[in-house]
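Working notes, structure below.
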Amino acid sequence: MASKMLSFKVRVEVWLKEGLVDAEGKTVEEALNDLGYRVSSSRVGKVYEFVIKAGDEEEAKRLVNEMCTRLLANPVKDKFIYEVKKIGVQ
Amino acid sequence: MRFAVIQFPGSNCDYDVVYVLKNVLGVPTDLVWHKFFKGDVYDAVILPGGFSYGDYLRSGAIASHSPAMEEVKKIAEDGRPVLGICNGFQILIEAGLLPGALMPNDCLKFVCKWVTLKCETSGTAFTCMIPEGRLLHIPIAHREGRYFNTREELEKMRENRQIVFRYVDEKGEVNSKANPNGSVENIASVCNVKGNVVGLMPHPERASEKVLSPYKDCDGILLFKSMVRFLKS
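Chains as they are written, first to last, in this note's numbering: chain A, 461 to 550; chain B, 52 to 284.
Here it is, written out as structure tokens:
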């Protein structure tokens, strides 16, 4: 008997690791300062949102972690964080 | 001897490489769509420049998961020559065949110009005809070419002689003025430990005929000639 699959809403954030020069972040910061805002420590990252099917939350997290390592982030230069939220049963 | 140039959706320097191999060097070469690529019939493979998959995610990230790359990995393990040019270099890095990462240029602009490179090792399949210390004129054209690796990894790469070309000035000096994209230690090209897999940001196929170079030389052809000599030896 196949077990029920659950749907999870996933949100992944990928950031350059600390200590690496974030050229885009620096440029955004300069542009905001040029507009008169006193901004510092600006970083630019990427956000991914998608829905994934998995048996339980633990499996969903394991899959998302694997996706980040294999494709969404480059472990040499990136760090990533993610959230997994159950949205329904199918 | 037979060569393959792999075409991904968004490759745009593929025909230039095929032209140089077939018409300038005179060696049999096939242009192969990535989904149909089988490595066993080829002596060497070249991943050309361009914008595979629109550079989505990170340059080269999606192409690095193409089934063609499993074949390329086998070729690399065999010791047969593999060259990645520009986006091809990005793909080899994302596939884990070469160390490090390529990030957006520090100036955040697409940089398209002729640069001077210094050959740091003749111990690769693509530089065996280029004396160490020799300067080459080859153009670059990229937005994500800032080579990066950690200090520990760079130390290992120096020990293994994996740095192939550096950006230098006309006198051959490594300095920040000669660095077009902010690459760590002015690195323009790296190889694997065996030296049969090489990736570089500059485009040797655009510098393989005198008529194309403002310097009236054709330094790029030396990489392709080296590959042929490597296979004959």
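Where is the CB? At the ideal position from N, CA and C, for every residue including glycine. All values derive from a computational prediction rather than experimental measurement.
Which residues in chain A have a C-beta closer than 7 Å to the C-beta of residue i? List them in chain order.
i, result
"residue 81/B", "By Cβ distance, chain A contributes nothing, its closest Cβ being about 29 Å from residue 81/B, past 7 Å."
"residue 112/B", "531"
When the Cα atoms are used, what is the spatial distance from residue i to residue j?
i, j, result
"residue 226/B", "residue 220/B", "7 Å"
"residue 94/B", "residue 113/B", "25 Å"
"residue 273/B", "residue 68/B", "13 Å"
"residue 160/B", "residue 195/B", "9 Å"
"residue 222/B", "residue 189/B", "15 Å"
"residue 479/A", "residue 96/B", "36 Å"
"residue 236/B", "residue 156/B", "14 Å"
"residue 79/B", "residue 71/B", "11 Å"
"residue 187/B", "residue 224/B", "13 Å"
"residue 254/B", "residue 283/B", "24 Å"
"residue 495/A", "residue 482/A", "20 Å"
"residue 244/B", "residue 150/B", "10 Å"
"residue 539/A", "residue 200/B", "15 Å"
"residue 465/A", "residue 526/A", "19 Å"
"residue 178/B", "residue 202/B", "25 Å"
"residue 76/B", "residue 256/B", "11 Å"
"residue 266/B", "residue 165/B", "10 Å"
"residue 261/B", "residue 129/B", "34 Å"
"residue 503/A", "residue 139/B", "28 Å"
"residue 142/B", "residue 270/B", "24 Å"
"residue 204/B", "residue 492/A", "36 Å"
"residue 229/B", "residue 218/B", "6 Å"
Name the chain A residues that come within less than 8 Å of residue i, Cβ to Cβ?
i, result
"residue 109/B", "534"
"residue 159/B", "483, 484 and 487"
Note down, in chain order, every chain A residue with its Cβ under 9 Å from the Cβ of residue i.
i, result
"residue 116/B", "530 and 531"
Tell me, to the nearest whole angstrom, how far the beta carbon of residue i is from that of residue j; I am working on the premise that it is less than 8 Å.
i, j, result
"residue 536/A", "residue 127/B", "Residue 536/A to residue 127/B, Cβ: 19 Å. No contact."
"residue 136/B", "residue 111/B", "Wrong, their Cβ atoms sit about 12 Å apart, outside the cutoff."
"residue 197/B", "residue 232/B", "5 Å"
"residue 53/B", "residue 83/B", "About 11 Å separates the two Cβ atoms, so there is no contact after all."
"residue 63/B", "residue 101/B", "4 Å"
What does residue i touch in chain B if you count any residue whose Cβ is under 8 Å from its own?
i, result
"residue 537/A", "152, 154 and 199"
For residue i, I'd like the list of residues in its chain whose CB is within less than 7 Å of its CB, leaving aside the five on either flank, ordered along the chain.
i, result
"residue 33/B", "Examination of residue 33/B is not possible in this model, given that chain B is present from 52 through 284 alone."
"residue 125/B", "90"
"residue 131/B", "94, 95 and 247"
Excluding five sequence neighbours on each side, which residues of the same chain lie with their C-beta closer than 6 Å to the C-beta of residue i?
i, result
"residue 469/A", "511, 545 and 547"
"residue 85/B", "57, 59, 117 and 119"
"residue 88/B", "57, 119 and 122"
"residue 163/B", "192"
"residue 276/B", "180"
"residue 461/A", "In this prediction, residue 461/A scores a pLDDT of 46, lower than 50, which makes its location untrustworthy; no coordinate-derived value is stated."
What residues in the stretch 190-219 of chain B have a beta carbon less than 9 Å from any beta carbon of chain A? Against chain A - using a Cβ distance shorter than 9 Å - the residues of the stretch 190-219 of chain B are 197, 199, 200, 201 and 204.
Against chain B, which members of the stretch 487-518 of chain A pass a CB distance test of less than 7 Å? Here the close residues are 487.
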